[in-house]
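Trainee:
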Amino acid sequence: MHKGRLKSKFLGCLIGAAIGDGLGAWREGRRIAEKEDIASLAERVEELAYTDDTHMTIGVVESLIQSRGFDGEHMAQTFIKNYETEPWRGYGPGPPRVFRVIKSGEPWDSAASKIYRGGSFGNGSAMRVAPVGLLYSNNPAKLREIAYKSSSITHSHELGKEGAALQAYAVALALNTPSGEEIDREAFLLKLQNFAQTQLYKEKIANTKELLGEQDRARVVAVLGNGIEALNSVPTAIYCFLKQPKSYKDSVIYAISLGGDTDTIASMAGAISGAYLGIEAIPQEWRLKLENKAYIEDLAEKLWQTAT
Ligand code: F2R
Ligand code: MG
Ligand code: MG
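The sequence shown begins at 122 in this note's numbering and counts up one residue at a time.
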């Protein structure tokens, strides 16, 4: 792929994720809404301020760039430093507790197992994993390894790690598909299904395929979920992208219209869509409203340089 095109896709992924988060944050925890109402919300809001989803994604990129690849101790310390600077970003309950355990001396790769039985299966490691999908897009085995390790810092449950790996792989597949080429939705899902190592995710992805033509959003939520757990949000985000792969705007609006964990599902859908379509596909009026846009663009460019 031409280097300039690839850069546009890196930018599209990270800016797309941050905008999905910033817009979805207005509806987190709410019910299903009309798509027109979400579109009108997007017009009304003056600033798209991001939450923990983007704040942690920034931490992942900063660490990958500075370490020129994955370094678990460095990434954990980056998360802690960023959290302590801006603890008000709407973090889930787990990560701040893990940070305290690490600060008390526990190693980065065992602290997370201390806070929930079997570790956390929240979507907090999937929501921040897009940079891993970008950096390791040409090596699925390495992508899985790094997605698992980066998840383990805060989310060590099998379903948390697998959700992160699937989201990273969806970003990689989108990145590697030229934006001028139509997405073969069934082939995309088949690759994800073969990549998944957990039966529960394989089943969710099979359900995703069955729902591609579904018009009833309540049924989509009933089958795929819209919750805070990785299993009930990663397949949903992938679905939101595949439902309207040619439009970033429609994917994000649709994701938010499903209600529930809207910032996170819209952020993950936005990351996949942006990685496929590139930065030009994201409405300029949305981009202009994004908090810290210049810094996120700078990180995307540096990650692209690291990758190329
Ligand atoms: N925190 C929020 N939203 C709350 C409202 C924010 C408000 N707007 C504000 O401004 O303050 N959203 C963010 O949190 C989610 C990511 O959470 P994360 O990082 O995964 O947290 P955690 O605690 O690890 O897991 C989330 C919940 O899942 C359940 N759970 C996980 N593992 C479990 C286990 N082994 N056993 C039982 N339950 C488990 C728990 O209920 C956890 O609290 C994103 O939505 C992000 O936007
Ligand atoms: Mg959030
Ligand atoms: Mg959320």
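A virtual CB, placed ideally from N, CA and C, is assigned to each residue, including glycine. Predicted model only: the values in this text are computed from it and were never measured.
Would you identify the three-state DSSP class for E149, choosing helix, strand or coil?
Mentor: Residue state, collapsed to three classes: coil.
Trainee: Going by alpha carbons, who is nearest to Y435 out of M248, C134, M196 and L144?
Mentor: Here the chain covers residues 122 to 429 and nothing more, so residue 435 does not appear.
Trainee: Give me, in chain order, the residues of the same chain whose beta-carbon lies closer than 7 angstroms to that of L398; leave out the 5 immediate sequence neighbours on both sides.
Mentor: Only G133, S300 and Y369 meet the Cβ criterion.
Trainee: Between the alpha carbons of V355 and G226, how many angstroms are there, rounded?
Mentor: If I take the Cα positions, the gap works out to 32 angstroms.
Trainee: Check whether the Cβ of P214 lies closer than 7 angstroms to any heavy atom of ligand 1, and answer yes or no.
Mentor: The answer is yes for P214.
Trainee: Which residues have their C-beta within less than 5 angstroms of a heavy atom of ligand 3, listed in chain order?
Mentor: That gives D382, D384 and T385.
Trainee: Please list, in chain order, all residues of the same chain as A428 whose beta carbon is under 7 angstroms from its beta carbon, the five residues on each side excluded.
Mentor: Answer for A428: L255 and L256, listed in chain order.
Trainee: So, are the CB atoms of I386 and G145 less than 8 angstroms apart?
Mentor: Taking 8 angstroms as the Cβ cut-off, I386 and G145 qualify as a contacting pair.
Trainee: Please classify L490: does DSSP put it in a helix, a strand, or coil?
Mentor: With the chain represented from 122 up to 429, any question about residue 490 goes unanswered, as that position is not in the structure.
Trainee: From A289 to R238, what does the alpha carbon distance come to, in whole angstroms?
Mentor: Roughly 25 angstroms separates the two Cα atoms.
Trainee: According to DSSP, L411 sits in a beta bridge with which residue or residues?
Mentor: The partner list for L411 (beta bridge, DSSP) reads L169.
Trainee: Express the C-alpha separation of A286 and K414 in angstroms, rounding to a whole number.
Mentor: Using only the alpha carbons, I get a separation of about 26 angstroms.
Trainee: Would you call the segment 204-223 in contact with the segment 183-190, where contact means no fewer than 3 C-beta pairs closer than 8 angstroms?
Mentor: Output reads no: the segment 183-190 does not touch the segment 204-223.
Trainee: For ligand 2, any of its heavy atoms closer than 7 angstroms to the Cβ of G211?
Mentor: Yes, the beta carbon of G211 sits closer than 7 angstroms to at least one heavy atom of ligand 2.
Trainee: Does the separation of the CB atoms of S271 and M196 fall below 8 angstroms?
Mentor: In contact: S271 and M196 (Cβ atoms closer than 8 angstroms).
Trainee: Return helix, strand or coil for G133, following the three-state DSSP convention.
Mentor: Three-state result, G133: helix.
Trainee: Suppose you measure from the CA of E307 to the CA of A317; what does that come to, to the nearest Å?
Mentor: The alpha-carbon atoms of E307 and A317 are separated by roughly 15 angstroms.
Trainee: With distances taken from CA atoms, which of A232, I359, R338 and S184 is nearest A293?
Mentor: For A293, the nearest C-alpha among the options comes from I359.
Trainee: Mapping the DSSP letters down to three states, classify G243 as helix, strand or coil.
Mentor: DSSP places G243 in strand when its eight states are reduced to three.
Trainee: By Cβ distance below 8 angstroms, which residues in the same chain neighbour L345 in space, the five residues on each side in sequence not counted?
Mentor: Excluding sequence neighbours, L345 sits near K325, N328, T329, L332, N353, P356, T357 and Y360.
Trainee: From E168 to F242, what distance separates their C-alpha atoms?
Mentor: In a straight line, the C-alpha of E168 is about 31 angstroms away from that of F242.
Trainee: Report the rounded CA-to-CA distance for I377 versus S394, giving the unit in angstroms.
Mentor: Using only the alpha carbons, I get a separation of about 14 angstroms.
Trainee: Can you list, in chain order, the residues of its chain with a C-beta nearer than 8 angstroms to that of L379? Leave out the 5 residues immediately preceding and following it.
Mentor: So the list reads I153, R338, V341, V342, N347, T357, C361 and I386, once near-sequence residues are dropped.
Trainee: What do you reckon, are the CB atoms on T172 and R210 nearer than 8 angstroms?
Mentor: Against a cut-off of 8 angstroms, the Cβ pair of R210 and T172 comes out as a contact.
Trainee: Going by beta-carbon coordinates alone, are V219 and A232 separated by less than 8 angstroms?
Mentor: Yes; because the gap between Cβ atoms is below 8 angstroms, this pair is in contact.
Trainee: When burial is assigned at 16 or more other CB atoms within 10 Å of the CB, is P228 buried or exposed?
Mentor: P228 comes out exposed.
Trainee: Classify D142: buried if its beta carbon has 16 or more other beta carbons within 10 angstroms, exposed otherwise.
Mentor: D142 is buried by the Cβ-count criterion.
Trainee: Just checking my contact of G193 with T275 at CB under 8 angstroms: how many whole Å lie between their CB atoms?
Mentor: Not really, about 11 angstroms apart at Cβ, beyond 8 angstroms.
Trainee: With a threshold of 7 angstroms, establish whether the CB of A196 neighbours any heavy atom of ligand 1.
Mentor: Note on residue identity: the sequence assigns Met, not Ala, to residue 196. Outside the cutoff, so no.
Trainee: Just the C-alpha distance for Q405 and R151, rounded to the nearest angstrom, thanks.
Mentor: Their Cα atoms are separated by approximately 27 angstroms.
Trainee: Can you pull the DSSP bridge partners for E350?
Mentor: Paired residues: G243.
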